[in-house]
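Just so you know, we're using this note's numbering here: the sequence shown kicks off at 1323 and counts up by one. Beta carbons are placed, not taken as given, at the ideal position from N, Cα and C, and that holds for glycine. Predicted model, so just to flag it, every value in this text is computed and none were measured. Below is one structure, written out as structure tokens, with a few remarks after it.
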Amino acid sequence: MVTRRVRGGVPLLLLVPALAGLAFLTVPLLGLVARAEWSGLPQRLMSPEVGQALRLSLVCATSATAVCLVLGVPLAWLLARTRLPGRGLVRALVMVPLVMPPVVGGVALLLVLGRRGLVGQYLYEWFGVSLPFTTAGVIVAEAFVAMPFLVVSVEGALRAADPRYEEAAATLGASGWYTFRRVTLPSVMPAVLAGTVLCWARALGEFGATITFAGNFPGQTTTMPLAVYLALESDPQAAIALSLVLLLVSVVVLASLRERWLKAGSAL
């Protein structure tokens, strides 16, 4: 792909809104950094409340990502490699959490998995399992909103992968599971890793579905985004400290995926 440079300078009608857009996106982040009390930041991050929210967020985001891997990779394979009836509709339904307000997702989970929900009532009556307002509920909510990121990444890689290697393995007598495990999965592993990182970061920052489905109970469901929301009223500096942690995670995620996005862009 050949990149052409525009001659004659940058038009003023493009430069002004471009700089305004850059300021609109970066100044709030710089303001967050500028208003932080850096001298007391380590002490605030080591406080019991903040530490509790940090640990809970890391555990729940990692667990939700594991759920997404177990369910999302096979789902991506199903969408990419099979002639599933109504595949377009199924794909659209899978992608809905990407654009749907997270709080709506929380309401949907509550109606389905709550004690009186379509499925939750049987979980509670038969097994005594109640997901809403528990740590497990946080994991379910985070997995619900984060899984599409993994599915999109892996499905795109599966569609772009050369199927001849899988056909050769099948010709040599390899079973479908063996082919998937030893041929297909290694070929799309970079996409799986990228999707996993995005999935984990999305789960870590989830707020709307979590507070709607799991509530806000310190030590059980109060993750970092919820702690930021609560701390804004009582301890703004604690809110800034937690926000900086989430901002740092976002920057690290973007930096780690930069090369992959550049390669994808150069291939277009």
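{"Item": "If you drop the 5 nearest sequence neighbours on each side, which residues of the same chain put their C-beta closer than 6 Å to that of V1402?", "Value": "Note that residue 1402 is Ala in the sequence shown here, rather than Val. For A1402, where only same-chain residues beyond five positions count, the Cβ hits under 6 Å are E1477, L1480, R1481."}
{"Item": "Can you give me the Cβ contacts of R1437 inside the same chain, cut-off strictly under 8 Å, excluding the 5 residues immediately before and after it?", "Value": "Q1443, Y1446, S1452, P1454"}
{"Item": "If you count every other CB in all the chains shown that lies within 10 Å of the CB of E1555, and 16 or more means buried, which is it?", "Value": "exposed"}
{"Item": "Could you tell me the alpha carbon to alpha carbon distance between T1493 and F1502, rounded to whole angstroms?", "Value": "14 Å"}
{"Item": "Run the CB neighbour count on G1593, radius 10 Å, all protein chains shown included, and call it buried at 16 or more, exposed below.", "Value": "Examination of residue 1593 is not possible in this model, given that the chain is present from 1323 through 1590 alone."}
{"Item": "Hey, quick one: how far does the alpha helix (DSSP H) through R1608 stretch, first residue to last?", "Value": "Shown here, the chain extends from 1323 to 1590; a query on residue 1608 therefore has no answer."}
{"Item": "State the start and end residues of the unbroken alpha helix (DSSP H) segment that holds T1532.", "Value": "1530-1535"}
{"Item": "On the premise that Q1365 lies in contact with T1457, defined as a C-beta separation below 8 Å, what is that separation, rounded to the nearest angstrom?", "Value": "The pair is not a contact, with the Cβ atoms about 27 Å apart (cut-off 8 Å)."}
{"Item": "What would DSSP say about M1368, mapped onto helix, strand or coil?", "Value": "coil"}
{"Item": "If you compare alpha carbons, which of Q1374, P1424, G1517 is closest to V1467?", "Value": "P1424"}
{"Item": "If you compare alpha carbons, which of P1419, A1388, I1461 is closest to T1532?", "Value": "I1461"}
{"Item": "Quick check: what's the CA-CA separation for G1450 versus L1431?", "Value": "18 Å"}
{"Item": "Mind the definition here: the segment 1497-1515 touches the segment 1552-1567 only if three or more C-beta pairs lie below 8 Å; say whether that holds.", "Value": "no"}
{"Item": "Using only the alpha-carbon positions, how far apart do E1359 and V1567 sit?", "Value": "14 Å"}
{"Item": "Measure from the alpha carbon of L1520 to the alpha carbon of each residue in D1557, V1474, L1406, then state which is nearest.", "Value": "V1474"}
{"Item": "Helix, strand or coil for V1324? Go by DSSP, reduced to three states.", "Value": "Because the pLDDT at V1324 is just 45, under 50, the model does not fix this residue reliably, and the value given afterwards should be weighed accordingly. DSSP places V1324 in coil when its eight states are reduced to three."}
{"Item": "Provide the residue span of the alpha helix (DSSP H) that contains V1467, from first to last.", "Value": "1457-1482"}
{"Item": "My assumption, with CB atoms under 8 Å, is that V1429 sits in contact with T1544. Please give the rounded CB distance.", "Value": "With a Cβ gap of about 20 Å, V1429 and T1544 do not count as contacting."}
{"Item": "Helix, strand or coil for P1508, going by three-state DSSP, please let me know.", "Value": "helix"}
{"Item": "Roughly how many whole angstroms lie between the Cα atoms of Q1374 and L1440?", "Value": "33 Å"}
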